[in-house]
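J.:
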Amino acid sequence: MVQEEMRKGPWTEQEDVQLVFYVKMFGDRRWDFLAKVSGLKRSGKSCRLRWVNYLNPALKRGKMTPQEELLVLQLHSKYGNRWSKIAGKLPGRTDNEIKNYWRTHMRKQAQDEKKNTNKASISPSSSNFSNCSSSSANSPAEDSGTERNDCVELLQVAGENKIYEGDQNMMVYSMDEIWKEVESTEEIETRNDLPVMASTTWDYNYCPDSLWTSTHDHCYFDNHQDFSFFTG
DNA sequence: AATGAATGCAACCGCAGCAGA
DNA sequence: TTCTGCTGCGGTTGCATTCAT
């Protein structure tokens with residue numbers, strides 16, 4: 022058999038529409054199958070990535086809020102570079118997004134530190150963010166309690182137990198509330214002994230899962246249906 | 001206005017883990 | 001038990017946009 026050449030690189034609008042359609046139809050599993058039936062000349066892997074990082078309607082778009090940024094810093098100090106784990110605590114954010122954010126953050130931090138060392142004699146106080154995170158870039162701390170306190174402290178410095186009030190639509194959480202949220206999800210996680218769902222699949226309630234679950238081992242695809250209007 | 005540097009983000013790659021045959 | 005294919009993860013790259021000069 023001649024292997025059909027796979028497309029790579031940026032996705033077109035047409036491809037996006039097509040992928041969304043088929044994911045809605047069959048759910049966000051069995052990516053190889055989806056890639057085949059959709060007629061997209063993409064690998065299953067590529068389709069999954071596109072969906073998870075961009076097309077999934079559960080995703081939040083736009084900049085991270087200060088509380089999300091703070092949470093990322095804290096969770097990173099807890100989990101290290103386990104981005105999917107961190108993303109699991111930030112609904113609507115992807116591991117890729119967090120990873121990118123972290124890289125940017127680290128880059129900024131490195132630059133700031135460079136600057137600070139240059140003028141250390143002038144201004145001895147470095148940023149609170151870097152205090153909070155730098156110690157743990159590659160060594161996740163076991164004891165989250167102290168980090169938590171550090172961050173509460175950080176928040177108090179920033180704004181008396183409240184974070185981010187700039188946008189009226191934005192919820193205002195205390196750090197305790199955020200941590201309660203984190204801990205409660207962990208409790209459920211350990212109690213059920215189930216893996217945390219990646220955030221990107223949360224609230225994916227319109228997916229007709231039954232199309233997959235009817236038979237777990239085999240995917241039945243109704244070939245009689247005409248989807249050619251998409252590929253045409 | 002032009003251009004080079006910095007930044008942000010989407011996408012790819014390789015690997016590990018898991019489940020089914 | 002071993003093999004194979006699929007999925008998901010983390011690291012990395014490359015391109016487009018923004019910023020500074």
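Note that this note's numbering has the first sequence beginning at 22, numbered continuously upward.
Note that the Cβ used here is the ideal one computed from N, Cα and C, for glycine as well.
As the structure is a prediction and not an experimental result, all values here were calculated from the model.
1) What does the alpha-carbon distance come out to for the pair residue 66 and residue 72?
2) Measuring straight from C-alpha to C-alpha, what distance separates residue 101 and residue 30?
3) Please classify residue 69 as buried or exposed, where buried requires at least 16 neighbouring CB atoms within 10 angstroms.
4) Taking Cβ to Cβ, would you say residue 26 is nearer than 8 Å to residue 84?
5) If we call anything under 8 Å between Cβ atoms a contact, is residue 110 one with residue 91?
6) Please report the straight-line C-alpha distance between residue 59 and residue 79, rounded to a whole angstrom.
7) Taking the straight line between their C-alpha atoms, what separation do you get for residue 129 and residue 112?
8) I'd like the span of the alpha helix (DSSP H) that includes residue 27, first residue to last.
9) Please report the straight-line C-alpha distance between residue 42 and residue 55, rounded to a whole angstrom.
10) Compare the C-alpha of residue 114 against each of 28, 40, 48 and 88 and name the closest.
11) Going by the beta-carbon positions, is the gap between residue 76 and residue 116 smaller than 8 Å?
12) For residue 53, which of helix, strand or coil comes out of DSSP?
13) For the alpha helix (DSSP H) that contains residue 87, what are its first and last residues?
14) Using the C-alpha atoms, what's the distance from residue 81 back to residue 7?
15) For residue 122, which of 49, 99 and 94 has the nearest alpha-carbon?
16) Between the C-alpha atoms of residue 86 and residue 45, what's the straight-line distance to the nearest angstrom?
T.: With the given structure in hand:
1) Translated into the one-based positions of the first sequence, residue 66 becomes position 45. Translated into the one-based positions of the first sequence, residue 72 becomes position 51. So the alpha carbons of these two residues sit roughly 10 Å apart.
2) Taking the first residue of the first sequence as position 1, residue 101 is located at position 80. Taking the first residue of the first sequence as position 1, residue 30 is located at position 9. Rounded to whole angstroms, residue 101 to residue 30 spans 30 Å at the Cα level.
3) Taking the first residue of the first sequence as 1, we reach residue 69 at position 48. That one is buried.
4) In the first sequence, residue 26 corresponds to position 5, counting from 1. In the first sequence, residue 84 corresponds to position 63, counting from 1. Against a cut-off of 8 Å, the Cβ pair of residue 84 and residue 26 comes out as no contact.
5) As a working note, residue 110 is residue 89 in the first sequence. As a working note, residue 91 is residue 70 in the first sequence. In this structure, residue 91 does not lie closer than 8 Å to residue 110 by Cβ.
6) Counted from its first residue, the first sequence places residue 59 at position 38. Counted from its first residue, the first sequence places residue 79 at position 58. About 22 Å.
7) Locating residue 129 in the first sequence gives position 108, where the first residue counts as 1. Locating residue 112 in the first sequence gives position 91, where the first residue counts as 1. Near 25 Å, if we compare the C-alpha coordinates of residue 112 and residue 129.
8) Reading the first sequence from its first residue, position 6 is the one you call residue 27. Careful: residue 27 lies outside any alpha helix (DSSP H) and carries neither H nor E.
9) In the first sequence, the residue the question calls residue 42 occupies position 21. In the first sequence, the residue the question calls residue 55 occupies position 34. Residue 42 and residue 55: Cα-Cα distance of roughly 10 Å.
10) Here residue 114 corresponds to residue number 93 of the first sequence, with the count starting at 1. Selected option, being the one with the closest Cα: 88.
11) What you label residue 76 is simply residue 55 of the first sequence in a count that begins at 1. What you label residue 116 is simply residue 95 of the first sequence in a count that begins at 1. No, the Cβ-Cβ distance between residue 76 and residue 116 is not below 8 Å.
12) Stepping through the first sequence from its first residue, residue 53 is reached at position 32. Three-state result, residue 53: helix.
13) Mapped onto the first sequence, residue 87 falls at position 66. Here the alpha helix (DSSP H) through residue 87 covers 87-100.
14) Not covered by the structure: residue 7. The range shown for the chain is 22 to 253.
15) Residue mapping note: residue 122 aligns to position 101 of the first sequence, counting from 1. Nearest option by C-alpha distance: 94.
16) Within the first sequence, the letter at position 65 stands for residue 86. Within the first sequence, the letter at position 24 stands for residue 45. Approximately 29 Å, taken between the alpha carbons.
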